[in-house]
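One structure below.
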Amino acid sequence: MNNQLEGRTVLVTGSSRGIGAATARMAVAQGARVVLHGRTDSEALRSMGHELKAPVIACDVADREAVDAAVESCLREVGRVDVLINNAGFAAPRPFLELGRDEWHEAFDVNFLGAVHFVQALVPHMRDSGGGRIVNIASLVGHAATTQPRVVAYAVAKSALVTLTASLAKELAPDIAVNAVSPGYTTTEANVNWNEEARSRARRSLLGRTASPEEIAEVVLFLAGSGASFVVGQTLVVDGGFTLAGY
Numbered sequence: 000m001n002n003q004l005e006g007r008t009v010l011v012t013g014s015s016r017g018i019g020a021a022t023a024r025m026a027v028a029q030g031a032r033v034v035l036h037g038r039t040d041s042e043a044l045r046s047m048g049h050e051l052k053a054p055v056i057a058c059d060v061a062d063r064e065a066v067d068a069a070v071e072s073c074l075r076e077v078g079r080v081d082v083l084i085n086n087a088g089f090a091a092p093r094p095f096l097e098l099g100r101d102e103w104h105e106a107f108d109v110n111f112l113g114a115v116h117f118v119q120a121l122v123p124h125m126r127d128s129g130g131g132r133i134v135n136i137a138s139l140v141g142h143a144a145t146t147q148p149r150v151v152a153y154a155v156a157k158s159a160l161v162t163l164t165a166s167l168a169k170e171l172a173p174d175i176a177v178n179a180v181s182p183g184y185t186t187t188e189a190n191v192n193w194n195e196e197a198r199s200r201a202r203r204s205l206l207g208r209t210a211s212p213e214e215i216a217e218v219v220l221f222l223a224g225s226g227a228s229f230v231v232g233q234t235l236v237v238d239g240g241f242t243l244a245g246y
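This is the structure we're talking about:
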């Protein structure tokens, strides 16, 4: 295991399960100090904190004031954050014609504005402490060629996150490097109830399988570490060849 994150403090939003939890565990293994985040102070979040000996913060990412307060609490405890990983998100599949204003707001509030809020709260502190790195977790369905039915609101919000990544990279460089990862189909607790159609679609990658959370976390932490020092404004699609398979 490399130690490119040795001595750095990494804040991972949505880190009580799935890709977020895998990223937090792997960051600790690479020598980082990790700050965990969840929407609520759940048993799963506290358990992760105990496991990794990591401080935890709880807030709704859609609530800017709550995010500001959580970040201030975090900084009082750890002093600085060198890497922000915006992983918090959710998808609620629904046909387009059934999406009302509330569903659109919910999708954007969590999957897009949540990242905006954490970036706005942390960037001034990152600049004061000499810079940092930001990695946004987008999605394969946020790219037009591979989007899927019934996830329109989620896909559009993640597409916006991809554009935000490039825009922020231009605005925050050279002190703060911003990149993103668009995971393909990944086996997590959130999709254990996939129907057979979704499972079949997920297996259409060139590798014929879904990703593990750890495989996505490896790429996320590459972008977070010194090995990606010349990578800026990029969105890495990690899909096992799903895009090339033509679906």
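Just so you know, the sequence shown maps onto residues 0 to 246 in numbering that gives the first Met the number 0.
Beta carbons: idealized from backbone N, C-alpha and C, even for Gly.
Let me make sure I understand the geometry here. Which of Arg203, Gly78, Asn110, Thr186 has the alpha-carbon closest to that of Ala159?
When each option's Cα is compared against that of Ala159, the closest is Asn110.
What are the start and end residues of each continuous beta strand (DSSP E) run of 3 or more residues lying completely inside the region 102-150, in chain order?
The qualifying runs are 131-136.
Could you check which residue in Leu235, Thr234, Ala20, Thr12 has the C-alpha nearest to that of His116?
That would be Thr12, whose Cα lies nearest to the Cα of His116.
Mind checking which residues open and close the alpha helix (DSSP H) that includes Thr22?
Unbroken alpha helix (DSSP H) run through Thr22: 17-28.
What is the DSSP secondary structure of Ala87, counted as helix, strand or coil?
Reduced to three states, the DSSP call for Ala87 is coil.
With DSSP as the reference, label Leu235 as helix, strand or coil.
Here Leu235 sits in strand by DSSP.
Report the residue from Ala168, Gly245, Tyr184, Ala90 whose alpha carbon sits nearest the alpha carbon of Phe229.
Ranking Ala168, Gly245, Tyr184, Ala90 by Cα distance to Phe229 puts Ala168 first.
Tell me Asn178's beta-bridge partners as DSSP assigns them.
Answer by DSSP bridge pairing, in chain order: Val134.
Contact defined as beta carbons within less than 8 Å: I believe Gly224 pairs with Ile175. What is the distance between those atoms, to the nearest angstrom?
Not quite, the Cβ-Cβ distance comes to about 15 Å (not below 8 Å), so this is no contact.
Report the rounded CA-to-CA distance for Ala249 versus Leu171, giving the unit in angstroms.
Nothing in the structure corresponds to residue 249, since the chain is present only between 0 and 246.
Tell me the residue span of the beta strand (DSSP E) that contains Ala68.
Counting along the chain, Ala68 falls outside any beta strand (DSSP E), though it belongs to the alpha helix (DSSP H) covering 63-77.
Could you tell me the boundaries of the alpha helix (DSSP H) in which Leu222 lies?
First-last of the alpha helix (DSSP H) with Leu222: 212-223.
So what does DSSP say about Arg32, is it helix, strand or coil?
Arg32 falls in the strand class under three-state DSSP.
For the alpha helix (DSSP H) containing Leu51, name the first residue and the last one.
Segment 42-51, the alpha helix (DSSP H) holding Leu51.
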